[in-house]
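Below is one structure; the comments refer to it alone.
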Amino acid sequence: MHNSLDTLLDILDLEPLEIGLYRGQSQDLGFGHLFGGQVLGQALAAANFTVDAQRHIHSFHSYFLRAGDLSRPVIYEVETLRDGASISTRRVSAIQNGRPIFYLTGSFHQQEQGFEHQTAMPEVPGPEGLSNQFQAASALKGQVPDKVLDMFLKNTAIEMRLVNPINPLKPEVTEPVRHVWMKVNGQVDGSQALHRQLLAYASDLNFLVTACQPHGVSFLTPGLKMATVDHSMWFHRDVDFSDWVLYSVDSPNAIGGRGFVRGQIFNQNGELLASTAQEGVLRMKNRQS
Numbered sequence: 001m002h003n004s005l006d007t008l009l010d011i012l013d014l015e016p017l018e019i020g021l022y023r024g025q026s027q028d029l030g031f032g033h034l035f036g037g038q039v040l041g042q043a044l045a046a047a048n049f050t051v052d053a054q055r056h057i058h059s060f061h062s063y064f065l066r067a068g069d070l071s072r073p074v075i076y077e078v079e080t081l082r083d084g085a086s087i088s089t090r091r092v093s094a095i096q097n098g099r100p101i102f103y104l105t106g107s108f109h110q111q112e113q114g115f116e117h118q119t120a121m122p123e124v125p126g127p128e129g130l131s132n133q134f135q136a137a138s139a140l141k142g143q144v145p146d147k148v149l150d151m152f153l154k155n156t157a158i159e160m161r162l163v164n165p166i167n168p169l170k171p172e173v174t175e176p177v178r179h180v181w182m183k184v185n186g187q188v189d190g191s192q193a194l195h196r197q198l199l200a201y202a203s204d205l206n207f208l209v210t211a212c213q214p215h216g217v218s219f220l221t222p223g224l225k226m227a228t229v230d231h232s233m234w235f236h237r238d239v240d241f242s243d244w245v246l247y248s249v250d251s252p253n254a255i256g257g258r259g260f261v262r263g264q265i266f267n268q269n270g271e272l273l274a275s276t277a278q279e280g281v282l283r284m285k286n287r288q289s
């Protein structure tokens with residue numbers, strides 16, 4: 001198993017402090033603040049402590065309130081809202097320095113038989129032969145500061161391959177659509193709960209940046225501010241994140257200093273595994289925050 005993946009698994013392995021209270025360590029990926037995906041994954045891990053193992057997360061809705069402090073661990077407080085006949089609901093608060101930085105409400109459901117249908121997977125090239133983010137970062141060496149390259153190279157736990165790579169140094173105006181193949185950089189034999197935590201972690205990658213594409217800017221554009229406000233996710237089918245999945249993202253709207261993106265995640269058999277939605281601040285910094 002890749003060492004970086006070991007680190008990620010350690011980060012998702014929370015320390016129980018008492019019933020309903022858990023501590024997670026922080027990871028510096030070069031963003032200057034906690035990566036949102038870390039908080040998503042850890043919040044689900046905290047909630048999983050309090051839910052029957054037969055019930056899996058099927059949806060969550062979350063808000064990012066404050067930037068997380070890289071130098072401090074995160075305390076997760078889990079509140080049991082309801083345990084019904086087939087669905088359990090939890091509310092999770094992520095706390096640093098005595099203040100909440102994040103809230104999540106999640107619903108857990110025991111699998112049962114019912115109607116089935118889904119949308120078709122987009123027809124795009126498979127992951128074989130596509131460049132990954134490490135190769136893309138190598139091509140930028142010497143053109144950007146090392147701390148920027150760290151944002152590519154520090155998060156080696158997740159391998160990503162863009163179907164249509166975008167040069168962040170020379171962004172062009174393109175349609176707000178992005179297709180990314182991704183998987184963990186190694187093999188994970190853990191529970192379904194763990195695979196869903198890992199997918200939630202990765203769902204915050206290559207997401208809000210899609211809303212930049214019609215405007216010819218990227219995360220490296222001087223003065224551009226991007227910050228996630230909320231993030232929702234629905235899990236439809238069991239996840240095996242040791243194998244490639246396709247993250248198909250589009251941005252139907254940006255207005256008023258906010259960008260909106262939505263995504264669908266498919267396995268290589270074309271099964272729809274999960275859906276996502278996110279809105280975030282998207283504006284130039286010459287305006288008051």
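Counted from 1, the sequence shown has number 83 at position 83 by full-length UniProt numbering; the numbering is strictly sequential.
Just so it is clear, CB atoms sit at the ideal spot from N, CA and C, and this is done for glycine as well.
Would you mind giving the Cβ-Cβ distance between Q96 and D52, rounded to the nearest angstrom? I have them listed as a contact below 8 Å. So it is not a contact: roughly 29 Å between Cβ atoms.
Does the Cβ of N167 have 16 or more other Cβ atoms within 10 Å, making it buried, or fewer, making it exposed? exposed
Give a yes or no on whether the C-beta atoms belonging to T105 and H61 are separated by under 7 Å. yes
Cβ shell of E79 (< 8 Å), same chain only, five flanking positions each side left out: G20, R90, R91, V92 and S93
Applying the 10 Å Cβ sphere with the 16-neighbour rule, what's the burial state of R287? Confidence is the limiting factor: at R287 the pLDDT is only 48, short of 50, which leaves the residue's position unreliable and the question unanswerable from this model.
Report the partner residues of R72 according to the DSSP bridge assignment. Beta-bridge pairing links R72 to no other residue.
Which stretch, first to last residue, makes up the beta strand (DSSP E) that contains N164? It is not in any beta strand (DSSP E) - N164 carries neither H nor E in the DSSP assignment.
Taking just the CA atoms, how far does T156 sit from Q133? 9 Å
Going by C-alpha to C-alpha distance, which of A202, L149 and C212 sits closest to P171? That would be C212, whose Cα lies nearest to the Cα of P171.
Y247 versus S88 - alpha carbon distance: 28 Å
Spatial neighbours of V217 in its chain, beta-carbon cut-off 6 Å, leaving aside the 5 residues before and after: P171 and L224
Distance CB(P176)-CB(T210) smaller than 7 Å: yes
So, at 7 Å on beta carbons, what are the nonlocal neighbours of S289 in its own chain, with the 5 sequence-adjacent residues on each side left out? Low local confidence applies: a pLDDT of 43 at S289 is under 50, so the model's placement there is unreliable, with the coordinate-based value given in what follows. Same-chain partners within the cutoff: there are none.
Going by alpha carbons, who is nearest to V180 out of V173, L208 and R161? R161
Cα-Cα separation, A85 to G30: 44 Å
Cα-Cα separation between K141 and L169, rounded to whole angstroms: Rounded to the nearest angstrom, the two C-alpha atoms are 12 Å apart.
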